[in-house]
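Just so we're aligned: 44 in full-length UniProt numbering is position 44 of the sequence shown, and the numbers increase by one with no gaps anywhere. Here is the structure we will look at.
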Amino acid sequence: MAGSGSLVLRPWIRELILGSELLSSPRAGQLLKVLQDAEAPGPSRAPNVSDVETTLLVSDGTHSVRCLVTREALDTSDWEEKEFGFRGAEGRLLLLRNCRVCIQVSEGGTPAEFYLQVNRFSLLPTEQPRVWVMDW
Numbered sequence: 001m002a003g004s005g006s007l008v009l010r011p012w013i014r015e016l017i018l019g020s021e022l023l024s025s026p027r028a029g030q031l032l033k034v035l036q037d038a039e040a041p042g043p044s045r046a047p048n049v050s051d052v053e054t055t056l057l058v059s060d061g062t063h064s065v066r067c068l069v070t071r072e073a074l075d076t077s078d079w080e081e082k083e084f085g086f087r088g089a090e091g092r093l094l095l096l097r098n099c100r101v102c103i104q105v106s107e108g109g110t111p112a113e114f115y116l117q118v119n120r121f122s123l124l125p126t127e128q129p130r131v132w133v134m135d136w
């Protein structure tokens with residue numbers, strides 16, 4: 001994963017989703033887009049809102065996948081700008097430490113969708129130009 005002192009993206013999403021690879025070690029992905037950001041904790045929030053996850057579009061440089069970051073993962077993460085959420089962090093690298101493949105089955109004939117449930121991650125200070133990829 002390291003090359004000349006910097007983190008390099010390597011394809012891993014396809015193999016993980018197809019089941020031929022378990023996430024046995026942390027994987028680097030680039031945050032392409034924040035699809036839904038969980039609200040920061042505060043006195044004006046309703047109690048049941050605390051379970052809302054953050055939804056991100058993450059790329060391995062070849063493919064991209066929707067990632068649901070759990071509230072527990074957000075609470076245990078240690079990045080400095082956490083209270084501001086992921087907005088403004090597009091282009092930065094995420095190190096996914098614990099995640100699993102999930103399938104969202106839709107009603108009404110729309111196709112099912114794979115996504116990753118992220119239970120533990122690190123947001124790295126490294127930012128790279130965003131490279132949009134084609135979904136497969």
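Note that beta-carbon positions come from the ideal geometry of N, C-alpha and C, so glycine has one too. None of these values were measured; they are calculated from a predicted model.
- In the displayed model, Phe84 falls within a helix according to three-state DSSP.
- In the DSSP assignment, Glu72 falls within the alpha helix (DSSP H) that extends over 71-76.
- Per DSSP, reduced to three states, the secondary structure at Arg14 is helical.
- Around the Cβ of Val8, a 10 Å sphere holds fewer than 16 other Cβ atoms; the residue is exposed.
- Inter-residue distance for Val65 and Ala89 is about 17 Å (C-alpha atoms, whole angstroms).
- A residue is called buried when at least 16 other Cβ atoms come within 10 angstroms of its Cβ; Gly29 meets this threshold and is buried.
- Between Leu31 and Val58 the beta-carbon gap is near 6 Å, inside 8 Å, which marks them as a contact.
- Using a Cβ-Cβ distance cut-off of 8 Å, the region 68-78 and the region 111-124 are in contact, since at least three pairs of beta carbons, one from each stretch, lie closer than that value.
- For Leu57, the enclosing beta strand (DSSP E) begins and ends at 54-59.
- The Cβ atoms of Phe114 and Asp37 do not sit closer than 8 Å to each other.
- Comparing alpha carbon positions, the residue from Trp79, Asn98, Val34, Gly61 closest to Pro26 is Asn98.
- Cβ neighbours of Cys67 within its own chain (closer than 6 Å, five residues either side excluded): Leu56, Val58, Leu116, Val118.
- 8 Å or more divides the Cβ of Val101 from the Cβ of Ala112.
- Sorting Glu83, Leu123, Leu18, Gly109 by C-alpha distance to the C-alpha of Leu93 places Leu123 at the top.
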